[in-house]
Each structure stands twice: as C-alpha cells, then as structure tokens.
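Engineer: Take this structure, written in structure tokens, and hold onto it; I'll ask about it next.
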Amino acid sequence: MDKKLLIVDDEAHIRMLIEQTLEDLEDEGVELLFAENGEEALNIIQKKKPNLVFLDVMMPKMNGMEVCQKVKKELHLDEVYIILLTAKGQEVDRQKGLDMGANKYMTKPFDPDEMLSIAEGILKN
Numbered sequence: 151m152d153k154k155l156l157i158v159d160d161e162a163h164i165r166m167l168i169e170q171t172l173e174d175l176e177d178e179g180v181e182l183l184f185a186e187n188g189e190e191a192l193n194i195i196q197k198k199k200p201n202l203v204f205l206d207v208m209m210p211k212m213n214g215m216e217v218c219q220k221v222k223k224e225l226h227l228d229e230v231y232i233i234l235l236t237a238k239g240q241e242v243d244r245q246k247g248l249d250m251g252a253n254k255y256m257t258k259p260f261d262p263d264e265m266l267s268i269a270e271g272i273l274k275n
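Below is the structure:
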C-alpha cells in the first residue's frame, strides 16, 4: 500500500495513544511518522508528503492551525489529508480550522475506533 501517516502532538503519551490506536495499519504497509511540534511536522510534511496527518492544535513553535495553513494555502499540498485534534470543541474553533484548510476536526478525548476507521477510510483511497 505504501502510505504514510504523520502523528503530531507535543505530548508523548498522546502520540503513543494514537500510535497504539493505529498500529494495525502498519500491518497493511502504512508507515507511521511522528513529530512533537509544528516546525518538525512541517519539515516532515514537505519531505515525506504523508497521505494523512493527525495534527494537534495547541503546540509550541508553531501551532496546528499555522501548520495547516502553510501546508494547504502556501505549499498547496492538497493531497495531504489533515485532521486537527483539539481539546477545544467550540464551533468557532472548528470553523477556523476548516478555514485554514483542515479536512476534518476531531475533539479530544477521541474515540480510538472512530479514529482508526477514519484513517482506514482515507488511506484506502
């Protein structure tokens, strides 16, 4: 399948939780990539062009909204599917994320089964 999935969160335990949720995808040939801040995420996105990015909003150096805006509006990497992850579920935040170019928005704590089925749906296309 040769797909790449990037997990971006400044909290190591959240990255690990998401990795555990999605590790079955590795059996299907999906490479899991990790970043702990926005700058690192942007570098990986530019170099590796992951198919899917789970992107935390609240992070140091560059937040998820900024990363998303750069990827979609400046680099025009429309093929990179970005799902913003945030503890803030307010509609105004959701709308701002979508305006920045995010494809989807998920609120923490997320449902692991939902996350896996979304990832599978996107990566099988």
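Here the sequence shown stands for residues 151 to 275, numbered as in the numbering used here. All residues carry an ideal CB built from backbone N, CA and C; glycine is no exception.
Extract the residue ranges of the beta strand (DSSP E) inside the stretch 187–236, only unbroken runs of 3 or more that lie entirely within it.
Structural biologist: Whole beta strand (DSSP E) segments, 3+ residues: 202–206, 231–236.
Engineer: Mapping the DSSP letters down to three states, classify Lys238 as helix, strand or coil.
Structural biologist: Position 88 of the sequence shown holds residue 238. DSSP places Lys238 in coil when its eight states are reduced to three.
Engineer: Please name the residue in Leu235, Lys254, Leu156 whose C-alpha comes closest to that of Leu172.
Structural biologist: Translated into the one-based positions of the sequence shown, residue 172 becomes position 22. When only C-alpha atoms are compared, the closest one is Leu156.
Engineer: Under the assumption that Lys228 contacts Glu186 (Cβ atoms under 8 Å), give the Cβ distance between them as a whole number of angstroms.
Structural biologist: Taking the sequence shown and counting its residues from 1, one reaches residue 228 at position 78. Taking the sequence shown and counting its residues from 1, one reaches residue 186 at position 36. Note on residue identity: the sequence assigns Asp, not Lys, to residue 228. In fact, because the Cβ distance is near 25 Å, the residues do not count as touching under 8 Å.
Engineer: How long is the line joining the alpha carbons of Ile268 and Lys274, rounded to whole angstroms?
Structural biologist: Translated into the one-based positions of the sequence shown, residue 268 becomes position 118. Translated into the one-based positions of the sequence shown, residue 274 becomes position 124. Their Cα atoms are separated by approximately 10 Å.
Engineer: What is the rounded straight-line gap between the Cα of Asn253 and the Cα of Glu264?
Structural biologist: To locate residue 253, count along the sequence shown from 1; it is residue 103. To locate residue 264, count along the sequence shown from 1; it is residue 114. The alpha-carbon atoms of Asn253 and Glu264 are separated by roughly 16 Å.
Engineer: Starting from the C-beta of Arg244, find all residues in its chain whose C-beta is less than 7 Å away, skip the five residues before and the five after it, and write them out in chain order.
Structural biologist: The residue given as residue 244 occupies position 94 in the sequence shown. If we look at Arg244 and ignore the five residues flanking it on each side, its Cβ neighbours are Tyr255.
Engineer: For Lys220, count neighbouring C-beta atoms within 10 Å of its own C-beta (all shown protein chains included) and say buried if the count is 16 or more, exposed if not.
Structural biologist: On the sequence shown, position 70 is the one that residue 220 refers to. Buried.
Engineer: Are Lys154 and Leu175 touching if we call contact CB-CB under 7 Å?
Structural biologist: Position 4 of the sequence shown, counted from the start, is the residue given in the question as residue 154. Position 25 of the sequence shown, counted from the start, is the residue given in the question as residue 175. The answer is no: Cβ separation not under 7 Å.
Engineer: Tell me Glu173's beta-bridge partners as DSSP assigns them.
Structural biologist: For the purposes of this step, residue 173 is identified with residue 23 of the sequence shown, where counting begins at 1. Its beta-bridge partners do not exist; DSSP assigns none.
Engineer: Within the same chain, show all residues whose beta-carbon is closer than 8 Å to that of Lys246, passing over the 5 residues directly before and after it, in chain order.
Structural biologist: For this step, residue 246 is matched to residue 96 along the sequence shown. Excluding sequence neighbours, Lys246 sits near Met215.
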